[in-house]
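Residue numbers for the sequence shown follow my numbering, beginning at 28 and rising by one.
The beta carbon of each residue, even a glycine, is placed where N, CA and C say it ideally should be.
Given the structure is predicted, the values throughout are model-derived calculations rather than measurements.
Beneath this line is the structure, given in structure tokens, with notes to follow.
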Amino acid sequence: MPHGKKYEKVKFKLVNNLILIPVDVNGAKLSFILDSGVNNPILFNISDQDSIQINDVTEVTIRGLGNGDPIKALKSSNNTFQIGNTRNNKQLLYVVMDRALNFSPRLGVVVHGIIGYDLFRDFVVSINYASQIIKLYDPHQYKPKKSTKIQTLPLLIEKNKAYLEGKVVMDDNQNIPVRLLVDSGSSDALWLFSDEERGLNVPLNHYEDFLGQGLSGAVYGKRTKIKGLVLGNFQLNEAKTAFPDMEYFSAISSLGERNGSLGGEVLKRFTAIYNYGAGTISLRKNRMFNDPFNYNLSGIDLQHNGMRFISERIADARGVAIEKGDSFGTVQILFEDKTRLTVVPEIIVSGIRAGSPGHEAGLREGDIILAVNGKKIHNYELQEILKMLNEKEGKWVKVQVGRLGSDVTVSYVLKKMFK
28 MPHGKKYEKV
38 KFKLVNNLIL
48 IPVDVNGAKL
58 SFILDSGVNN
68 PILFNISDQD
78 SIQINDVTEV
88 TIRGLGNGDP
98 IKALKSSNNT
108 FQIGNTRNNK
118 QLLYVVMDRA
128 LNFSPRLGVV
138 VHGIIGYDLF
148 RDFVVSINYA
158 SQIIKLYDPH
168 QYKPKKSTKI
178 QTLPLLIEKN
188 KAYLEGKVVM
198 DDNQNIPVRL
208 LVDSGSSDAL
218 WLFSDEERGL
228 NVPLNHYEDF
238 LGQGLSGAVY
248 GKRTKIKGLV
258 LGNFQLNEAK
268 TAFPDMEYFS
278 AISSLGERNG
288 SLGGEVLKRF
298 TAIYNYGAGT
308 ISLRKNRMFN
318 DPFNYNLSGI
328 DLQHNGMRFI
338 SERIADARGV
348 AIEKGDSFGT
358 VQILFEDKTR
368 LTVVPEIIVS
378 GIRAGSPGHE
388 AGLREGDIIL
398 AVNGKKIHNY
408 ELQEILKMLN
418 EKEGKWVKVQ
428 VGRLGSDVTV
438 SYVLKKMFK
């Protein structure tokens, strides 16, 4: 940070509860997810970049969440990372060359990598999800604000990861203390590890679901909701919760006293100030605090799958498209047929939950989404399309898809997830 400057302000994009920040890596302008659960930056998508110089390289293997095999990576030292006017000329970096590891298709925006602990270690980090602004404070000059609306809680830093103590309210109204990994790189709300002795049991009302994508593959588990999540004086009722299958945590040598993870769908409800040096996190609720939790009501997952051509009829000079040969009275007006070919992103069904409304209506994995409720989807971002498909319980949804060269239309009603 430039001498004498107290903080650096960085604008970010909030996509599916994830923070995307611009990072300059050795002169290349890239986009990284801010992931408080990751130790060192990982670069995994450089296919759209002509070249990125990386320094002092050795080959290694790394493992992450998921039950897949370890993946090969390049370990690189002495790289220059710049975020705004802050710069680190000695940054360690891992580069994963596996093209299968690419979060961009599922998010609908280009993501090149993830960055976490290094940023939280070097700065006091203020994240305002509502205004989508991060402030990186010089720890030596930072002075916390005092307000009755702000609550400061202890933050345990252990092996470069941050943990927050809270309580969960289960079906029997029992308040159970939990230690949660603060994981801004998770788009989910709350993950809990099943533990019968502690009373962390999966509620009877649940369903099997795809929970997310880790470095070592997909993660599945049971999705449900609990009566409440308590963080200090803040309580979130009817909190969306997932119990991941523990086989996907085989790469983690020890979970210690950790009982789960706190993800972006909870974190986005606060302005949070992370002070790793002082071991604190300061929370202030924002306008999203009481927003309902989002569920995949349709039961389908979408992702980008390259590009496709669409043909559009172009209107005449008066702005009205009339078919060739149309007549009015005894006067026939002839128009020249004009067709415009446009390249648009192709959005496909990448996964579907068995027994979900989309599955029962006949949607299939690999279907190309063409329109939702009569709206052609090429005018919308992927996250906007997902909102259209999961608007609210009781709503009818009509989806037009392309399948094996033909158009297929299905309709279904979005059902209540938990009765």
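Along the chain, where does the beta strand (DSSP E) containing residue i start, and where does it finish?
i	result
ARG285	Counting along the chain, ARG285 falls outside any beta strand (DSSP E), and DSSP gives it neither H nor E.
SER433	433-440
PRO204	202-209
GLU224	From DSSP, GLU224 is part of no beta strand (DSSP E); its letter is neither H nor E.
ALA299	297-302
ALA216	Looking at the DSSP string, ALA216 is not in any beta strand (DSSP E), and its letter there is neither H nor E.
ASP198	Run containing ASP198: none; DSSP gives neither H nor E here.
ARG311	307-312
ALA266	261-271
TYR34	34-38
PRO49	45-52
GLY429	423-430
To the nearest angstrom, how far is it from the Cα of residue i to the Cα of residue j?
i	j	result
SER243	LYS188	19 Å
THR357	MET444	In this prediction, THR357 scores a pLDDT of 43, lower than 50, which makes its location untrustworthy; no coordinate-derived value is stated.
LEU409	ASP328	11 Å
LYS56	LYS254	44 Å
VAL437	THR179	50 Å
ARG430	GLY306	54 Å
ASN302	LEU61	16 Å
PHE39	GLY111	11 Å
GLY239	ALA216	12 Å
GLU350	GLU235	Residue confidence is low: GLU350 scores 46 on pLDDT, short of 50, so the model does not pin down where it sits. Its coordinate-derived value is still stated next. In a straight line, the C-alpha of GLU350 is about 50 Å away from that of GLU235.
VAL205	GLY140	30 Å
SER174	LEU258	17 Å
PHE355	PRO372	Its pLDDT being 39, under 50, PHE355 is placed unreliably by the model, and the measurement read from it follows with that caveat. If you take the alpha carbons of PHE355 and PRO372, they lie about 40 Å apart.
VAL14	ASN323	Limits of the chain in this structure are 28 at one end and 446 at the other, which puts residue 14 out of reach.
MET315	TYR156	9 Å
LYS99	VAL440	44 Å
GLY389	ASN321	23 Å
PHE150	TYR164	5 Å
LYS419	LEU413	12 Å
GLY31	PRO171	18 Å
GLY346	THR369	Here the model assigns GLY346 a pLDDT of 48, short of 50, so the residue's position is not dependable and the matter cannot be decided.
PHE71	ASN44	20 Å
LYS117	ALA266	41 Å
ASP77	VAL137	In this prediction, ASP77 scores a pLDDT of 48, lower than 50, which makes its location untrustworthy; the coordinate-derived value is nonetheless stated afterwards. The straight-line gap from Cα to Cα measures roughly 15 Å.
GLY432	SER383	25 Å
LYS176	LYS312	8 Å
ILE79	THR107	11 Å
GLU228	ASP222	In the sequence on display, residue 228 carries Asn and not Glu. Taking the straight line joining both Cα atoms gives about 6 Å.
LYS442	ASN417	10 Å
PRO49	VAL65	17 Å
SER402	ASP394	Reading the sequence as shown, one finds Lys at residue 402 and not Ser. The alpha-carbon atoms of LYS402 and ASP394 are separated by roughly 17 Å.
MET415	VAL399	7 Å
ASN260	GLY135	36 Å
LEU183	LEU219	18 Å
GLU284	TYR169	31 Å
Find the nearest neighbour of residue i within the set the options, judged by alpha-carbon distance.
i	options	result
ASP434	VAL426, LEU219 and PHE261	VAL426
VAL428	ALA245, VAL65 and LEU397	LEU397
ALA245	VAL65, SER377 and HIS233	SER377
PRO319	TRP423, VAL440, PHE237 and GLU292	GLU292
VAL87	ARG391, LYS102, VAL50 and TYR34	LYS102
LEU263	VAL195, LYS176, SER58 and LEU47	VAL195
HIS405	GLY382, GLY333 and GLU418	GLY333
TYR144	SER211, ASN67 and PRO171	ASN67
GLN330	THR85, ASN200 and GLU392	GLU392
VAL209	ARG90, MET197, GLY287 and LYS162	GLY287
THR85	ARG296, SER104, PHE297 and VAL52	SER104
GLY421	PHE59, ASN43 and SER325	SER325
TYR247	LYS267, PHE276, GLU224 and GLU265	PHE276
VAL123	ILE69, SER383 and ASN106	ILE69
TYR54	ASN115, GLU35 and ILE46	Before going further, note that residue 54 is Gly rather than Tyr in the sequence given. It is ASN115 whose Cα lies nearest to the Cα of GLY54.
ARG296	TYR121, ILE154 and LEU183	ILE154
LYS186	ARG133, HIS233, LEU282 and ILE308	LEU282
ILE73	LEU128, ASN82, LEU119 and LEU47	LEU128
ASP51	SER131, ILE142, LEU310 and TYR34	ILE142
Between which two residues does the alpha helix (DSSP H) carrying residue i extend?
i	result
TYR144	144-149
ILE412	409-416
PRO384	384-388
Quick one: what's residue i bridged to in DSSP?
i	result
ASP394	In DSSP, ASP394 forms no bridge with anything.
LEU329	VAL376
TYR234	ARG250
MET334	PRO372
ALA189	ILE184
LYS402	VAL399
LEU258	PHE261
Output the residue ranges of the beta strand (DSSP E) runs that lie fully inside the region 57-89 and measure 3 residues or longer, sorted by chain position. 84-89
Where are the alpha helix (DSSP H) runs, 4 residues long or more, that stay fully inside the region 95-183, in chain order? 131-134 and 144-149
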